[in-house]
Amino acid sequence: MSRKVIGGPTGTGRDPNAKLLRVVDIKTHFRTEKGTVRAVDGVSFTLDRGRTLGVVGESGSGKTILSRSIMGLLPKRNVVRQGHVYYEGTDIIGLPDEEMRHVWGSEMAMVFQDPMTSLNPVKKIGKQITESLFLHLHMDKQDAHDTALALLSSVGIPEPEQRLNEYPHQLSGGMRQRVVIAIALACGPKLLFADEPTTALDVTVQAQILNLLQQLQRERHMAMILVTHDLGVVAGRTDEIAVMYAGKVVEHAPTPVLFSNMKMPYTEALLSSIPKLDYPSHTRLEVIPGRPPDLINPPRGCRFAPRCKYAQERCLNEEPPLIAAETPGHMFRCWFPVGSPEGEEALSRNLAAGASASGVPVTDVPMPASLAGRS
Amino acid sequence: MPEPSHRGAPVDAPGISSRPEIDAPAGGAREMLELTQLADREVEELQALHTLDPDQVPADAVKKRLGPLFWFAAGWFLLIVVLALAAPLMERAGFLPDPTKAVKCANPPCSKLGILKQGYLLGTDNLSRDIFSRIVWGARVSLLVGFSSIFFGLVLGGAIGVIAGFFKGKLETVLMALTDMFLAFPAILLALAIITFASTSNPGEEPRLSRQVAVILALTIVSVPPIARLVRASTLVFAQREFVLAARTLGASNLRIMVKEIVPNVLPPIFAFGIIGVAIAITAEGALAFLGLSLQPPNPTWGGMINDGQKFYLDAPHMVLVPCAVLFLTVLSLNLAGDRLREYFDIKESVL
Numbered sequence: 001m002s003r004k005v006i007g008g009p010t011g012t013g014r015d016p017n018a019k020l021l022r023v024v025d026i027k028t029h030f031r032t033e034k035g036t037v038r039a040v041d042g043v044s045f046t047l048d049r050g051r052t053l054g055v056v057g058e059s060g061s062g063k064t065i066l067s068r069s070i071m072g073l074l075p076k077r078n079v080v081r082q083g084h085v086y087y088e089g090t091d092i093i094g095l096p097d098e099e100m101r102h103v104w105g106s107e108m109a110m111v112f113q114d115p116m117t118s119l120n121p122v123k124k125i126g127k128q129i130t131e132s133l134f135l136h137l138h139m140d141k142q143d144a145h146d147t148a149l150a151l152l153s154s155v156g157i158p159e160p161e162q163r164l165n166e167y168p169h170q171l172s173g174g175m176r177q178r179v180v181i182a183i184a185l186a187c188g189p190k191l192l193f194a195d196e197p198t199t200a201l202d203v204t205v206q207a208q209i210l211n212l213l214q215q216l217q218r219e220r221h222m223a224m225i226l227v228t229h230d231l232g233v234v235a236g237r238t239d240e241i242a243v244m245y246a247g248k249v250v251e252h253a254p255t256p257v258l259f260s261n262m263k264m265p266y267t268e269a270l271l272s273s274i275p276k277l278d279y280p281s282h283t284r285l286e287v288i289p290g291r292p293p294d295l296i297n298p299p300r301g302c303r304f305a306p307r308c309k310y311a312q313e314r315c316l317n318e319e320p321p322l323i324a325a326e327t328p329g330h331m332f333r334c335w336f337p338v339g340s341p342e343g344e345e346a347l348s349r350n351l352a353a354g355a356s357a358s359g360v361p362v363t364d365v366p367m368p369a370s371l372a373g374r375s
Numbered sequence: 376m377p378e379p380s381h382r383g384a385p386v387d388a389p390g391i392s393s394r395p396e397i398d399a400p401a402g403g404a405r406e407m408l409e410l411t412q413l414a415d416r417e418v419e420e421l422q423a424l425h426t427l428d429p430d431q432v433p434a435d436a437v438k439k440r441l442g443p444l445f446w447f448a449a450g451w452f453l454l455i456v457v458l459a460l461a462a463p464l465m466e467r468a469g470f471l472p473d474p475t476k477a478v479k480c481a482n483p484p485c486s487k488l489g490i491l492k493q494g495y496l497l498g499t500d501n502l503s504r505d506i507f508s509r510i511v512w513g514a515r516v517s518l519l520v521g522f523s524s525i526f527f528g529l530v531l532g533g534a535i536g537v538i539a540g541f542f543k544g545k546l547e548t549v550l551m552a553l554t555d556m557f558l559a560f561p562a563i564l565l566a567l568a569i570i571t572f573a574s575t576s577n578p579g580e581e582p583r584l585s586r587q588v589a590v591i592l593a594l595t596i597v598s599v600p601p602i603a604r605l606v607r608a609s610t611l612v613f614a615q616r617e618f619v620l621a622a623r624t625l626g627a628s629n630l631r632i633m634v635k636e637i638v639p640n641v642l643p644p645i646f647a648f649g650i651i652g653v654a655i656a657i658t659a660e661g662a663l664a665f666l667g668l669s670l671q672p673p674n675p676t677w678g679g680m681i682n683d684g685q686k687f688y689l690d691a692p693h694m695v696l697v698p699c700a701v702l703f704l705t706v707l708s709l710n711l712a713g714d715r716l717r718e719y720f721d722i723k724e725s726v727l
């Protein structure tokens, strides 16, 4: 394996004035025995330095694949990857691994979901942190040691000196995730992907880790893409939110706008499914009926139509494009947006009919009396 | 069963209640704030509990032990190793007679009953050679062959296994097909063929390889396929772990990932298997020596001694029993120690 720099990211073609990340119509399809799975199907967005984008969606909506596609981490075999990913103005989509290696770690890094499996169980913490320091920054042993200490303290690990000589299994889950974050930040990336960074952690630790990520991101003026299935996680911690459904972005808006003025019925349904503190006990949780669509044969029209209470005949046949809303930077994919006259009309029509055009029951009273008391 | 008085409650679900507030972003901000506060409040309450350090190992935790059987096995094996290493020194100091030459013995094979009577620890054989000395020198052959063949087997088989398990695809298919072909051969026949090919020669010509080297080569080749399969299986498991992907996101090359991430994980179980492998290789060397294919007489090998002794087993049973017992105990001790170490080092699944 050669170690020489082949026009690395610090080389030609990089424009520090360009947007940090510009993703243009990226598509990731997996060829399987059953057919082509369109895991990511035409996603575009831009992200500036120091900004945070939240990517929200159910399991299987393609959010993890999206972040891995942008980083170029997917296997090459049987994967079709199209579109453009401009990192500081340079398209990095087709770059061979040898060149991506200079981008990975030093320019963009990733924090994974499960700190139990994303740390090597047989290597000491110190070694795992310092490895990329040697690799990218060519530090000597003493410098690397000092940097690792500073990193561990910055992610809030007590007694960092002692931790350097410990194995991952000697730490608790939250501590491990802090170590994972320290490793990801070791070489000072400008872009951090956090792929459900708190899903595997205790609720008590989740907010700590999220606050830590937010704090580090501000300190380092780093851009962050926070991938999660939990709207609560991204609510106070992101500048923009992209809601994904079946491989497409269905609504993209600045965070306050998304929460106050959502247009997409799917976003509304996601938000309704979060229980609120002032609910009486035994309140039934609102659920989204049905399951995410089959990505091999997605529905013909709007992909959310089979589960949507606003769905009309048009939704089943015509796929809505991304439509710009009145607020700048707000886009959505819906023929009958929430809160618009058309949407109200569609909902009342479905209420009157008792079902949406795709056959989802739509009622004003959400459940029969006999079920209301059950939990 | 609570009263169905909350029946209508879900109508006030947040999405629906805040739906029409198009020109009131404050509603959304409040929602956001609530969601964040919800999590934060829980944290503050529970943080107090976390002042207890959850990472500390309790003082009364039971320490892992290897057990007395392991130490017996290790003790015996160590004895054999020390004797084998010290053989030339002992000979120079006069404790050990030349294993290939006859010692003074009135009526070979000496010691039918009283082993220690003649002054030779384990008696002599039919040619009046000191059996203890032959055992010690034979141990050198057995250990050398056992360890070096498994060492080379681990290096070669390990490399094949890690590469096949890491890259998968066509490369894996080809490599595994090759190892399967070797596995389909009876191992001892394969070893026989290799030794015969490598170390016999036409009259007047030098053999290609010395017997010793030929035996090591044969056993290395025989040991590569099972080791490669084992390492591949282990690699497949670790290659899918997220830490491998994490290493890639930090810019590590394939070679680096294999050497620095996968090998350290694969090594402990393979090391334990290697010890058992050495036992198998020593047995195999014994079998080859028994067939007269290892080091040639008059040089002592354990298998050769068993072969010599079997002709006299009625008159001088010690001639066959002593090397048999030594071989048996050595192989048994390696198996026991290897097994115990495998359990002892099986850290990952139990802790993580």
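Chains X and W are the protein sequences, given in the same order. Letter by letter, the first sequence follows residues 1 to 375 in the working numbering. Letter by letter, the second sequence follows residues 376 to 727 in the working numbering. We put the beta carbon where it would ideally sit given N, CA and C, even for glycine. Please read these numbers as outputs of a predicted model, since none were measured by experiment.
For the options W:L460, W:R509 and W:P472, the alpha carbon positioned closest to that of P672 of chain W is the one of W:R509.
DSSP, reduced to helix, strand and coil, places Q217 of chain X within a helical segment of the structure shown. Here V362 of chain X is not near M264 of chain X, since their CB atoms are 8 Å or more apart. Spatial neighbours of Y688 of chain W in its own chain (CB-CB distance under 6 Å, excluding positions within 5 residues in sequence) are listed in chain order as V695. In this model, F336 of chain X and L316 of chain X are separated by some 12 Å (Cα to Cα). As DSSP reads the structure, G35 of chain X sits in a beta bridge with X:T32. By the CB criterion at 8 Å, A200 of chain X and P115 of chain X fall inside the cutoff. Residues of the region 660-694 of chain W with a Cβ closer than 8 Å to any Cβ of chain X: none. With respect to the 8 Å criterion, R333 of chain X and P321 of chain X are classified as neighbours on the basis of their beta carbons. Proximity of the region 79-90 of chain X to the region 279-299 of chain X falls short of the contact definition, fewer than three beta-carbon pairs being nearer than 8 Å.
Inter-segment contact for the region 30-45 of chain X and the region 206-216 of chain X is absent: fewer than three beta-carbon pairs are separated by less than 8 Å. About 4 Å separates the CB atoms of S118 of chain X and E617 of chain W; that is less than 8 Å, so the two are in contact. The C-alpha of P197 of chain X is placed about 8 Å away from the C-alpha of Q177 of chain X. Counted as a single uninterrupted DSSP element, the beta strand (DSSP E) harbouring V111 of chain X occupies residues M108 to V111. Residues of chain X whose Cβ lies closer than 8 Å to the Cβ of P639 of chain W are, in chain order, N120, V122 and K123. Non-local C-beta neighbours of L716 of chain W in its own chain, meaning closer than 6 Å and more than five positions away in sequence, comprise A647, ordered along the chain. Membership of L464 of chain W in the alpha helix (DSSP H) is indicated by the continuous run P443 to A468. Counting only unbroken stretches of 4 or more residues, the alpha helix (DSSP H) elements lying wholly within the region 608-693 of chain W are 617-624, 638-665 and 677-685, in sequence order. Judged by beta-carbon spacing, L605 of chain W lies beyond the 8 Å limit of I637 of chain W, meaning their Cβ atoms are not closer than that value.
Within chain X, the C-beta atoms nearer than 7 Å to that of T624 of chain W come from M71, L73, W104, G105, A109 and M110, in chain order. Across the region 129-149 of chain X, CB contacts with chain W closer than 9 Å involve E131, S132, L135 and H136, in sequence order along the chain.
For V249 of chain X, the closest alpha carbon among the candidates X:P121, X:A18, X:K141 and X:V24 is that of X:V24.
Beyond the five residues adjoining it in sequence on each side, G532 of chain W comes within less than 6 Å, by CB distance, of V599, I602 and A603 in the same chain, given in chain order. P698 of chain W sits in a helix when the DSSP states are folded into three classes. Segment contact: the region 623-638 of chain W against the region 701-711 of chain W, fewer than three CB-CB distances shorter than 8 Å; contact not assigned. With three or more CB-CB distances shorter than 8 Å, the region 511-530 of chain W counts as touching the region 647-661 of chain W. In the displayed model, W335 of chain X falls within coil according to three-state DSSP, outside both helix and strand. For the region 610-624 of chain W, residues whose beta-carbon sits nearer than 7 Å to a beta-carbon of chain X comprise R616, E617, F618, L620, A621, R623 and T624. Interface residue (Cβ-Cβ distance to chain W less than 8 Å): D114 of chain X is classified as such. Secondary structure of K276 of chain X (DSSP, three-state): coil. One finds G544 in chain W with Cβ atoms closer than 8 Å to the Cβ of R77 of chain X, taken in chain order.
Sorting W:W512, W:D505 and W:L454 by C-alpha distance to the C-alpha of A462 of chain W places W:W512 at the top.
When W:G540, W:Q685, W:S574 and W:W677 are compared, the shortest CA-CA separation from R607 of chain W is found for W:G540. Closer than 8 Å to the CB of T117 of chain X there is at least one CB belonging to chain W. Along the region 68-120 of chain X, the alpha helix (DSSP H) occurs as fully enclosed runs of 4 or more residues at 97-103, listed in sequence order.
Three or more beta-carbon pairs separated by less than 8 Å link the region 551-570 of chain W to the region 585-598 of chain W, which places the two stretches in contact.
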